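Visitor:
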Amino acid sequence: MDVTHSIELNLRRIRERIARACDAAGRSPDEVQLMLATKTVPAERVAVAVRLGARLIGENRVQELAEKDSVLRELDCERHFIGRLQTNKVNQVLRYVTCVQSLDRLDLADRLQRRSETTDGTVDVLLQVNTSAEESKGGVTPDAALSFARDVSKRDRLRIRGLMTIGHPDPTQVRTSYKSLHNVRNDIEQAGIDRVFMDTLSMGMSGDLEAAIAEGATMIRVGSAIFGLRTG
Ligand SMILES: *Cc1c(COP(=O)(O)O)cnc(C)c1O
Numbered sequence: 012m013d014v015t016h017s018i019e020l021n022l023r024r025i026r027e028r029i030a031r032a033c034d035a036a037g038r039s040p041d042e043v044q045l046m047l048a049t050k051t052v053p054a055e056r057v058a059v060a061v062r063l064g065a066r067l068i069g070e071n072r073v074q075e076l077a078e079k080d081s082v083l084r085e086l087d088c089e090r091h092f093i094g095r096l097q098t099n100k101v102n103q104v105l106r107y108v109t110c111v112q113s114l115d116r117l118d119l120a121d122r123l124q125r126r127s128e129t130t131d132g133t134v135d136v137l138l139q140v141n142t143s144a145e146e147s148k149g150g151v152t153p154d155a156a157l158s159f160a161r162d163v164s165k166r167d168r169l170r171i172r173g174l175m176t177i178g179h180p181d182p183t184q185v186r187t188s189y190k191s192l193h194n195v196r197n198d199i200e201q202a203g204i205d206r207v208f209m210d211t212l213s214m215g216m217s218g219d220l221e222a223a224i225a226e227g228a229t230m231i232r233v234g235s236a237i238f239g240l241r242t243g
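If you're matching positions, the sequence shown starts at 12 in this note's numbering and goes up one per residue.
1) Using C-beta distances below 6 Å, list every residue in its chain close to residue 235, excluding the 5 sequence neighbours before and after it, in chain order.
2) Specify whether the region 71–79 and the region 90–106 touch according to this definition: at least 3 beta carbon pairs, one from each stretch, less than 8 Å apart.
3) Here's a check: name, in chain order, each residue in its chain whose Cβ is nearer than 8 Å to the Cβ of residue 248, leaving out the five neighbours to either side.
4) If you scan the region 150–181 from start to end, which runs of the alpha helix (DSSP H) of 4 or more residues do you find wholly inside it?
5) Pick from 190, 177, 130, 28: whose alpha carbon is nearest that of residue 141?
6) Indicate, with yes or no, if ligand 1 has a heavy atom lying under 8 Å from the CB of residue 217.
7) Return helix, strand or coil for residue 33, following the three-state DSSP convention.
8) Hey, quick one: how far does the alpha helix (DSSP H) through residue 57 stretch, first residue to last?
9) Taking only runs that begin and end inside the region 82–137, name each unbroken alpha helix (DSSP H) of 4 or more residues, in chain order.
10) Would you call the region 179–190 in contact with the region 203–222, where contact means no fewer than 3 C-beta pairs closer than 8 Å?
11) By a C-beta neighbour count over all protein chains shown, 10 Å radius and 16 as the cutoff for buried, is residue 276 buried or exposed?
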């Protein structure tokens, strides 16, 4: 099967899974955006998916954003950063993305603020929350998220659009981790902080998107179910 055909088929399968999960949760499929997680996927393959209707691309590494830029910037898609971001890569990453989904510390918020002042722009961010208590994962703890949102909101060039998490790797615990992100979202929303919007809950991947949609995901990030297993 050629590459275009398999990506097309996989996209269709994912959209069917989204539709079924939304149906089961009593939600509309319009409430759930599909982001393609494209780490290690060559730009030409990403381009195929965009031509087939994908509109949101998530990349984990600044180096890969730079390498794929000449192809991707010509396409009708929006790019977000979803990986661990070093402060010294901030100026570079903002050339490519409109949203950083992995904001998890104040020194990074400060760098994003300063860069946006320099360019007289704004940047959308999601606050990354660690809902699995696994140390290898980035993100603030659920308990710290509200005060983190207050602190980040003082940086007036950042627009907090919501929250992001990477689910628990144990399938029996993943839904609980997504539920806790939803609870954090409600707490932050109720606090009514200036310049803080909670319209985006970015959670759910190839293996667990149903659990995420059941717990209120508005954006799921899918990689291997579209492009196949990563070798690198
Ligand atoms: C790779 C990745 C995904 C997608 O994972 P798959 O299991 O391939 O669907 C989602 N989010 C982040 C942050 C990732 O790094």
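Just so you know, even glycine gets a beta-carbon here, dropped at the ideal spot from N, CA and C. Because the structure is a prediction, the values reported are computed rather than measured.
Guide: Answer, in terms of the structure:
1) Mapped onto the sequence shown, residue 235 falls at position 224. Excluding positions up to five away in sequence, the list reads 217.
2) yes
3) The shown model of the chain, from 12 to 243, leaves out residue 248, and the question about it has no answer.
4) Taking only runs of at least 4 residues, the alpha helix (DSSP H) segments lying wholly in the region 150–181 are 156–164.
5) For the purposes of this step, residue 141 is identified with residue 130 of the sequence shown, where counting begins at 1. Among 190, 177, 130, 28, the Cα nearest to that of residue 141 belongs to 177.
6) Sequence index remark: in the sequence shown, residue 217 carries index 206 (1-based). Residue 217 Cβ: within cutoff of ligand 1.
7) What you label residue 33 is simply residue 22 of the sequence shown in a count that begins at 1. Helix at residue 33.
8) As a working note, residue 57 is residue 46 in the sequence shown. 54–62 is the span of the alpha helix (DSSP H), which, as asked, contains residue 57.
9) 101–104, 117–130
10) The region 179–190 vs the region 203–222: in contact.
11) Residue 276 lies beyond the stretch modelled for the chain, which goes from 12 to 243, so this question has no answer here.
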